[in-house]
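The structure appears below as structure tokens.
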Amino acid sequence: MDWWSNSAIYQVYPRSFQDTNGDGEGDLVGVISRLTYLKSLGIDAIWLSPFYLSPNNDGGYDVQDPRAVDPRFGSMEDAVNLIKAAHKSDLRIIVDLVPNHFSTEHKWFKAALQSLPGSLERSRFHFYDGRGESGEIPPNNWCSIFGGPAWSRVKEVDGKPGQWYLHLFNSTQADLNWENTEVKEDFEKTLRFWLDKGVDGFRIDVAHGMFKESGLPDVRSSWIEKIFGKNNLTRMLSPEHKPFWDQEGVHDIYRSWRKILDSYDGDRMAVAEAWVSPASRIAKYVRSDELQNSFNFEMLTTLWKADQIREKINNSISALAEVGAPTSWVFNNHDVVRSVDRLDLGLTNHGDTTFSRHGDVNKLDIARGTLRAKSATLMALALPGGTYLYQGEELGLPEVRDIPEDRLTDPRWKMSNYKDRGRDGCRVPIPWKSASDGAFGFSSNENLTLQQAWLPPSSWWGKYSAESQESDPNSTLNVYRKALAIRKNEPGLGDGAMEWIDAPSQVVAFRRGEDFACYINFGSEIELPSNSEVLHSSAPLNGNHLPTDTAVWLRVSK
Ligand code: BGC
């Protein structure tokens with residue numbers, strides 16, 4: 027079976043993982059220094075968020091040179107050492123590929139600014155004349171996902187206001203024109219560059235972007251509010267026709283990339299970050315001659331309700347069954363409010379303000395959210411397919427809500443006109459130690475204060491540290507470790523069939539393999555089946571009863 031069908035893949039956000047040069051930002055050597063910890067979790071692979079040369083206006087997703095390492099993260103030698111060291115520890119490495127846009131600091135964009143309208147240099151991006159008498163109105167009505175118009179006007183070399191360029195994200199992330207063969211060739215070069223360095227795969231950023239409908243038509247005015255009214259990433263999921271997402275052209279790219287991946291030894295793969303709906307559209311990205319895997323984002327938009335979760339599981343599995351691809355489960359990543367908060371407050375990632383996206387902090391019950399997040403872990407690890415985990419999820423980190431406004435870095439903050447604090451709250455550096463030195467052990471520089479870390483951890487962060495959780499068998503960290511260890515040796519888990527078990531409506535219960543069962547209780551306490559032996563639970567059980575917001579793994583006899 028292909029490795030990604032079963033794997034637990036751990037996302038490292040390098041800037042917040044481990045700082046080894048004392049500058050308050052994580053680095054690649056820091057990831058190497060934590061491989062023992064990662065191995066101890068029982069994961070199979072690491073996905074590294076971008077560490078490429080970048081002005082870092084959007085957490086490195088604004089790439090200036092995809093084949094160079096940003097000095098803030100170290101050197102190319104560090105990257106190669108990390109790949110080698112991970113392989114030595116039997117961990118695979120996936121890296122990000124960001125094909126929808128380049129930073130406006132990329133040499134191509136700079137050349138475009140120095141060139142005339144209609145030039146070859148401009149044809150690598152989407153440069154158009156504006157509408158209106160003097161071209162003062164953007165070429166169409168598209169808006170940026172982060173807020174505001176998706177177009178910025180440039181000054182021509184003569185100093186006069188000139189053409190507009192498209193940026194579906196930040197104004198410093200210029201969309202590439204995938205009709206241009208140089209763009210295609212450059213990305214093939216990047217794929218080969220990292221494959222030659224030994225990576226096992228790629229996470230394809232905005233995998234449903236790249237191609238735009240020909241002529242770049244306006245979004246129908248009746249849909250503008252629906253599509254752009256809520257400026258957030260999950261609006262990308264709304265089913266309205268969008269002339270900039272999910273165009274047929276992307277599939278030709280993936281067919282050509284698949285050939286490249288297959289031409290290398292080992293099992294190289296790519297996973298699509300494709301926010302498309304309905305689920306049947308995702309299946310297209312993982313047809314047998316396209317990408318091998320796609321994130322399944324269903325659980326990022328779910329309420330903590332048994333019927334909704336059951337439906338999302340059914341949809342996810344049946345959508346991909348058609349094309350024979352495995353599904354994968356995602357409860358957290360660097361773009362969404364952490365699951366502890368989300369599952370407690372019933373957040374579905376919709377909304378365009380801090381309040382609508384992050385919920386009402388006064389109603390937040392972190393203890394309950396933690397119970398739910400731990401149950402979600404046991405559920406995800408027991409469902410068919412692979413799982414993507416995000417750093418800090420294994421520590422049960424909640425969202426950090428008290429980062430001072432002047433320290434927020436997410437472009438969404440500014441582009442939403444300061445209405446949405448954005449995604450920094452899930453990107454705060456990992457607390458390794460309980461004492462605050464070196465920002466809770468994030469930095470090797472013990473004198474580094476909390477304020478000196480690139481995003482300041484709060485004073486209460488230490489209680490979530492890996493150190494403080496080591497010795498507690500019920501800590502989130504140890505629940506994770508035990509779950510991953512059981513999963514590895516349990517023949518029924520990983521990819522394969524599942525069978526629903528008849529259970530009260532507030533309980534989600536399913537069987538895997540011959541005799542493995544997972545029960546998640548969303549309602550009041552229930553009695554466990556009499557013919558069962560407990561293998562693991564997300565929190566202590568009450569005798570033979572499964573408490574509310576708790577999940578259990580059982581060995582059942584028929
Ligand atoms: C990444 C985001 C990023 C965006 C633009 C997303 O899908 O995960 O962090 O802001 O793409 O590159």
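Residues 27 to 584 (my numbering) make up the sequence shown, in order.
Note that CB positions come from ideal geometry on N, CA and C, so glycine has one too.
Note that the coordinates shown come from a computational prediction; the quantities given were computed from them, not determined experimentally.
Integer Cβ distance of residue i from residue j, believed to fall under 8 Å
i      : j      : result
Val582 : Asp541 : 5 Å
Asp333 : Asn32  : Not really, about 28 Å apart at Cβ, beyond 8 Å.
Asn83  : Thr198 : 5 Å
His109 : Ala71  : Residue identity check: residue 109 is Ile in the sequence provided, not His. With 8 Å as the limit, Ile109 and Ala71 do not qualify as a contact, their Cβ atoms being about 12 Å apart.
Ala298 : Ser282 : In fact, because the Cβ distance is near 15 Å, the residues do not count as touching under 8 Å.
Gln478 : Gly50  : 5 Å
Gly372 : Trp330 : 7 Å
Asp88  : Ser80  : 5 Å
Glu493 : Leu67  : In fact, because the Cβ distance is near 15 Å, the residues do not count as touching under 8 Å.
Ala399 : Gly422 : 6 Å
Gly350 : Ser306 : At roughly 14 Å, the Cβ-Cβ gap does not stay under 8 Å, so Gly350 and Ser306 are not in contact.
Arg41  : Gly52  : 5 Å
Lys223 : Val106 : 6 Å
Cβ shell of residue i (< 8 Å), same chain only, five flanking positions each side left out
i      : result
Lys215 : Arg93
Leu567 : Leu554, Val560, Pro573, Thr576 and Val578
His360 : Gln37, Tyr39, Ser75, Gly85, Tyr416, Arg449, Cys452 and Arg453
Tyr290 : Leu221
Phe381 : none
Gly292 : Asp226
Ser442 : Phe172, Gly173, Asn257, Asp378, Thr379 and Gly448
Leu117 : Leu61, Leu64, Lys65, Ile69, Asp70, Ala71 and Ile72
Ile308 : Ala298, Ala300, Val302, Ser320, Asn322, Ala345 and Leu346
Phe548 : Trp330, Lys331, Ala332, Ile335, Gln532, Val533, Val534, Thr574 and Asp575
Arg157 : Ile163, Pro164 and Pro165
6 Å CB neighbourhood of residue i in its chain, flanking five on each side removed
i      : result
Leu123 : Phe228 and Ile230
Leu22  : The chain is shown only over 27 to 584; residue 22 falls outside these bounds and no answer can be derived.
Arg179 : Pro187 and Trp190
Leu263 : Only weak support is given to the placement of Leu263: the predicted model assigns it a pLDDT of 45, under 50, and the value that follows is read from those uncertain coordinates. So the list reads Trp301 and Ser303, once near-sequence residues are dropped.
Arg537 : Glu525, Ile527 and Ala543
Ile35  : Ala71, Trp73 and Tyr414
Asp91  : Leu79
Own chain partners of residue i with C-beta closer than 7 Å, once the 5 adjacent residues on each side are dropped
i      : result
His277 : Lys310 and Glu316
Ser484 : Val426 and Asp428
Asn322 : Ser342, Thr353, Ser354, Trp355 and Val356
Ala137 : Glu147
Ala461 : Gly488
Glu431 : none
His234 : Trp271, Asp272, Val276, Ala300, Trp301 and Val302
Val209 : Arg150, Leu202 and Asn203
Leu259 : Summary for Leu259: the model assigns pLDDT 40, below 50, so the residue's position carries little reliability, and this model does not support an answer.
Val55  : Thr46, Gly100 and Asp104
Asn557 : Val582 and Ser583
Gly464 : Ser470, Asn471, Glu472 and Leu474
Ser59  : Gln44 and Thr46
Buried versus exposed call for residue i [16 or more other C-beta atoms within 10 Å across all chains shown]
i      : result
Met27  : exposed
Thr46  : buried
Thr62  : exposed
Leu146 : exposed
Met295 : buried
Gln318 : buried
Ser550 : exposed
Glu472 : exposed
Pro125 : buried
Gln495 : buried
Pro482 : buried
Gly185 : exposed
Arg261 : Only weak support is given to the placement of Arg261: the predicted model assigns it a pLDDT of 49, under 50, and the question is left unresolved by the model.
Met325 : buried
Considering only residues of the region 322-378, which uninterrupted alpha helix (DSSP H) runs meet the minimum length of 4 residues and lie entirely inside it, listed in chain order?
Fully enclosed alpha helix (DSSP H) runs of 4 or longer: 332-347 and 365-371.
If you scan the region 65-114 from start to end, which runs of the alpha helix (DSSP H) of 4 or more residues do you find wholly inside it?
Fully enclosed alpha helix (DSSP H) runs of 4 or longer: 102-114.
If we require 3 or more residues per run, which beta strand (DSSP E) segments fall completely within the region 186-237?
Complete beta strand (DSSP E) runs here, min 3: 187-192, 199-201 and 227-230.
Which whole runs of the alpha helix (DSSP H) in the region 451-507 are 4 residues long or more, in chain order?
Within the region 451-507, the complete alpha helix (DSSP H) runs of at least 4 residues are 463-467 and 492-495.
Going along the chain, which unbroken runs of the alpha helix (DSSP H) with 4 or more residues stay wholly within the region 364-447?
Counting only runs of 4 or more, we get 365-371, 380-384, 392-408 and 437-441.
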